[in-house]
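Residue numbers (my numbering): -4 to 305.
A short worksheet on the structure shown next.
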Amino acid sequence: MFAAERRQLILEMVRANGAVSLRELARVVQTSEVTVRRDVRALEAEGLLDRRHGGAVLPGGFTRESGFPQKSHLATAEKTAIADVAAGLVEEGEAIVVGAGTTTQELARRLARVPGLTVVTNSLLVAQALAHANRVEVVMTGGTLRGSNYALVGSGAEQSLQGLRVSKAFLSGSGLTAERGLSTSNMLSASVDRALVQAASEVVVLADHTKLGTDTMFRTVPTEAITRLVTDEPPPHDDRAATELQALADQGVQITVPGAPAPDQPQAPRGQRSSQLPGPRRGQVPGSPLRGVLGDQPTDRARVADLRRR
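Listed below in structure tokens is the structure:
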């Protein structure tokens, strides 16, 4: 395929989906990610799209929010792996809150197998995924339906969360940085997400590598309030995502990556929200923020060292 044909196909994919990862672009145009990255740079120079960490978006992506049909086709393999790991953090009989998003929808599909679970959500997609789970109780917030992501927002949703207390909150978003934390492009969605966070003792963020280093308009969770990040391994060439991941770990966020050994760390008691400021969390060794998260086996130490070198 000639360069002009590749770039036209890349542009059509981005226009159709709002945002596409480099991995997905390379798969569709049947070439390497290195070649796709060059094509994306050329298209950006022409003002036809914007680059983001590990992907490409339409111009003005800082304020633009893609709808559900577009998001559902972005980084699908990564979201599946993240959801598999996140489901393992949920125990039988727990009460949790799950926010709106395509990654949290994938998580909900796996939570249907957890007996005695209570899930509070403002997402119609999450509720639908759990609708036929006989052993899971689903509690929906009130609010006004926001059609672009099938979520309930507004004062009704926020008021219904007042006085609620659960063990964990699982949230996604549009971007995640060590400086500002988790953010989204819509003010109403951000406000409900903040209410979900206030109800939980622990906050688990689900974000694939394309969101690392991306900052959007409205902050939902400051970095110091994030207990754990479940993400995928950044591609070897994605230095900026790897740097952001290390910066989050430096601020005390526990990093869980599919394929790495599960961390063996004590959890915060239920009903007690951690007030810990940025810094190494329990089970971590100062000066080695990822130790205890990815494990202490030789292969894991090598992965941490590799992450630092990027």
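All C-beta atoms in this analysis are idealised placements derived from N, C-alpha and C, irrespective of residue type, glycine included.
Considering only the beta carbon of each residue, do residue 49 and residue 16 sit closer than 9 Å?
-> For the purposes of this step, residue 49 is taken as residue 54 along the sequence shown, with counting starting at 1. For the purposes of this step, residue 16 is taken as residue 21 along the sequence shown, with counting starting at 1. The answer is yes: Cβ separation under 9 Å.
For residue 145, the nearest candidate out of 27, 35 and 95 (CA to CA) | Against the sequence shown, residue 145 aligns to sequence position 150. Of the candidates 27, 35 and 95, 95 places its Cα closest to the Cα of residue 145.
Can you name, in chain order, every residue of its own chain whose Cβ lies under 8 Å from the Cβ of residue 169, other than the five neighbours on each side?
-> Position 174 of the sequence shown holds residue 169. The beta carbon of residue 169 sits closer than 8 Å to the beta carbons of 60, 178, 179, 180, 206, 209 and 211 from its chain, once the five residues preceding and following it are set aside; these are given in chain order.
Taking residue 357 as the reference, which of 219, 231, 90 and 120 has the closest Cα?
-> Look at the range of the chain in this structure, -4 to 305, and you will see that residue 357 is not part of it.
Reduced DSSP secondary structure (H/G/I, E/B, other) of residue 160 | Numbered from 1 along the sequence shown, position 165 holds the residue referred to as residue 160. Note: residue 160 maps to coil in three-state DSSP.
Length of the line joining the Cα atoms of residue 20 and residue 51 | The sequence position of residue 20 within the sequence shown is 25, counting from 1. The sequence position of residue 51 within the sequence shown is 56, counting from 1. Using only the alpha carbons, I get a separation of about 9 Å.
Indicate whether the contact test is met: 3 or more Cβ pairs, each with one atom in the stretch 242 to 254 and one in the stretch 223 to 234, closer than 8 Å.
-> At 8 Å Cβ cutoff, the stretches touch.
Ignore the nearest five residues each way along the sequence and tell me which others in residue 131's own chain have a CB closer than 7 Å to its CB.
-> Here residue 131 is taken as the residue at index 136 of the sequence shown, counted from 1. Result list for residue 131: 106, 107, 109, 112, 114 and 125, in chain order.
For residue 200 and residue 171, believed in contact at Cβ under 8 Å, the rounded distance = The residue given as residue 171 occupies position 176 in the sequence shown. The residue given as residue 200 occupies position 205 in the sequence shown. Going by Cβ atoms, the distance from residue 171 to residue 200 rounds to 7 Å, so yes, they are a contact pair.
According to the Cβ coordinates, are residue 198 and residue 153 closer than 9 Å?
-> If you number the sequence shown from 1, residue 198 lands on position 203. If you number the sequence shown from 1, residue 153 lands on position 158. For residue 198 and residue 153, no; Cβs fall outside 9 Å.
Who does residue 86 pair with in a DSSP beta bridge?
-> Residue mapping note: residue 86 aligns to position 91 of the sequence shown, counting from 1. In the DSSP output, where bridge partners are listed per residue, residue 86 has none listed.
With residue 182 as the anchor, note down where its alpha helix (DSSP H) starts and where it stops.
-> One-based indexing of the sequence shown puts residue 182 at position 187. Start and end: 182 to 193.
Which of helix, strand or coil DSSP assigns to residue 77 = Here residue 77 is taken as the residue at index 82 of the sequence shown, counted from 1. The answer is helix: DSSP assigns residue 77 an H, G or I state.
Would you kindly report the start and end of the unbroken alpha helix (DSSP H) that includes residue 20?
-> Counted from its first residue, the sequence shown places residue 20 at position 25. Unbroken alpha helix (DSSP H) run through residue 20: 17 to 24.
Name, in chain order, the residues that DSSP records as bridge partners for residue 107.
-> In the sequence shown, counting from the first residue as 1, residue 107 sits at position 112. Residue 107 pairs with nothing; no bridge assigned.
Would you mind working out which of 53, -3, 47 and 40 sits nearest residue 8, comparing C-alpha positions?
-> For the purposes of this step, residue 8 is identified with residue 13 of the sequence shown, where counting begins at 1. If we check each option's Cα against that of residue 8, 53 comes out closest.
Does the stretch 27 to 36 come close enough to the stretch 71 to 83 that 3 or more CB-CB pairs lie under 8 Å?
-> Cβ pair count under 8 Å is below three, so no.
Cα-Cα separation, residue 91 to residue 167 | For the purposes of this step, residue 91 is taken as residue 96 along the sequence shown, with counting starting at 1. For the purposes of this step, residue 167 is taken as residue 172 along the sequence shown, with counting starting at 1. Here the C-alpha atom of residue 91 lies approximately 14 Å from the C-alpha atom of residue 167.
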